[in-house]
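Colleague:
What follows is the structure, given as structure tokens:
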């Protein structure tokens, strides 16, 4: 399964939040992810936050699968993640109802792009 991919222009940070105080939803429709579980709050944003956080990892680039994916599509995330991880590049995956995203540290982005191209994926650069 091969996909058309696009690198989003912004740099992202991945936060582990202490709580949800002072978190504002973005005013524009850009990639932003907030995940709440029974033991953590995780936030991915291109904008610095005012809330207190436990940890943060900065300078991530986001690769988006272009086009709407059927909700029952099988192997999308696995195809992307295995190509990158098998090449020794760390990633952070996020899936939504219609899209898949992988975040790659900025200093390994070119390597990840080459690995994904080698796996048959195409980029709209």
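Residue numbers (the numbering used here): 56 to 180. Beta carbons: idealized from backbone N, C-alpha and C, even for Gly. What you are looking at is a predicted structure, and each value in this text was computed from that prediction instead of being measured.
(1) Is DSSP giving residue 145 helix, strand or coil here?
(2) Looking only at DSSP bridge pairs, what is residue 117 linked to?
(3) Do you know offhand how far residue 58's Cα is from residue 153's?
(4) Taking the alpha-carbon positions, what's the residue 56 to residue 130 distance?
(5) Applying the criterion that 16 or more other CB atoms from any shown protein chain within 10 Å of the CB defines a buried residue, is residue 98 buried or exposed?
(6) I'd like the span of the beta strand (DSSP E) that includes residue 99, first residue to last.
(7) With residue 132 as the anchor, note down where its alpha helix (DSSP H) starts and where it stops.
(8) Identify which residue in 84, 107 and 74 has its Cα closest to the Cα of residue 92.
Modeller: In short:
(1) coil
(2) 158
(3) 14 Å
(4) 8 Å
(5) buried
(6) 96 to 100
(7) 131 to 140
(8) 74
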